[in-house]
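Data block below; observations after.
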Amino acid sequence: MLVFDEDGRVSALGFSKEGLQHGPAMLFSGEGQLLVVNAWSSGEINGPFVGFFDSGRVATQGSYQSGVPDGPWVAYHEDGWPKEEGVFERGLRSGLWRTYHENRTLEAKGEYSNGVAQGVWTFYWDNGVVEVEATYVDGVLEGPWVSHDMAGVVTVRGSRSDGKEHGAWKFYHEGTNVVQFEGTYERGTRVGVWREYDEQGVLIEEEDFR
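Residue numbers (my numbering): 67 to 276.
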């Protein structure tokens with residue numbers, strides 16, 4: 067089975083059985099570059115899947131079951147180093163997933179359950195230092211939130227509820243452990259007394275949000 071584009075060039079190659087696509091298949095760009103190699107069973111994508119960059123390097127590698135991604139999955143940067151890796155279960159992300167910066171250092175890691183982020187996730191600067199530690203419940207930020215600068219010094223500390231800032235928050239002067247601002251959020255809105263301090267920790271101003 068051959069499929070041609072409007073210019074008469076082959077855009078797809080595969081096989082059919084009883085009127086349904088079945089067996090190995092390939093997709094091509096308008097320039098004839100191989101884009102995808104996969105397999106079909108009775109009209110559904112089923113089996114190994116490989117996607118390619120225009121350069122010919124592998125962009126994505128995994129497998130399908132009954133038309134959806136299932137099993138180990140890796141997406142690559144164009145230099146061939148992994149960009150993202152994890153596992154799909156029946157089309158949904160599951161278990162530990164990792165992403166990587168272009169310089170090959172870890173960018174983020176955390177768990178998925180039924181396709182949504184769950185539990186503690188850690189995000190990294192491209193020098194390997196932790197940027198953010200956050201907690202997800204059913205894909206929504208919930209609980210402690212801590213961010214750091216590229217030297218690992220805490221810049222912000224607080225918590226979230228339903229994705230919004232909630233509870234006590236502290237913001238620190240750059241490169242120090244001296245608080246610059248502190249106060250309380252209620253579902254993303256500042257409430258109560260907020261305080262600002264100079265770099266020596268001396269109170270500069272108070273403002274009451276009522």
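No residue lacks a Cβ here, since even glycine has one placed at the ideal position from N, Cα and C.
Only a predicted model underlies this, so the values are computations on that prediction, with no experimental measurement involved.
- With fewer than 16 neighbouring CB atoms inside 10 Å of its own CB, GLY258 falls in the exposed class.
- Residue state for PHE118 is assigned as strand, using DSSP reduced to three classes.
- Listed in chain order, the non-local C-beta contacts of LEU158 below 6 Å within the same chain comprise ASN180, GLY181, local neighbours out to five positions each way being set aside.
- Within the same chain, GLU197, MET216 come within 6 Å of TRP191 by CB-CB distance, once the 5 residues on both sides are set aside.
- Selection SER108, GLU72, ARG256 evaluated against GLU84 yields SER108 as nearest (Cα-Cα).
- Between ARG223 and LYS236 the beta-carbon gap is near 5 Å, inside 8 Å, which marks them as a contact.
- Across the structure, GLY152 and PRO138 are spaced so that their CA atoms are roughly 6 Å apart.
- Here the alpha carbon of GLN127 sits roughly 15 Å from the alpha carbon of LEU93.
- Separation of GLU155 and SER129 (C-alpha to C-alpha, rounded to the nearest whole angstrom) is 11 Å.
- Here LEU86 is exposed: its Cβ has fewer than 16 other Cβ atoms, across all protein chains shown, within 10 Å.
- Within the same chain, ALA234, VAL257, GLY258 come within 6 Å of THR250 by CB-CB distance, once the 5 residues on both sides are set aside.
- Take TYR166, set aside five residues on each side of it, and the residues of its chain with a beta-carbon closer than 7 Å to its own are TRP147, PRO148, LYS149, LEU172, GLU173, in chain order.
- Here DSSP, grouped into helix, strand and coil, assigns ARG164 to strand.
- If the five residues before and after TRP106 are omitted, its C-beta is found closer than 7 Å to the C-beta atoms of GLY80, GLN87, HIS88, GLY89, ALA91, ASN112, all from its own chain and listed in chain order.
- A residue is called buried when at least 16 other Cβ atoms come within 10 angstroms of its Cβ; LEU207 meets this threshold and is buried.
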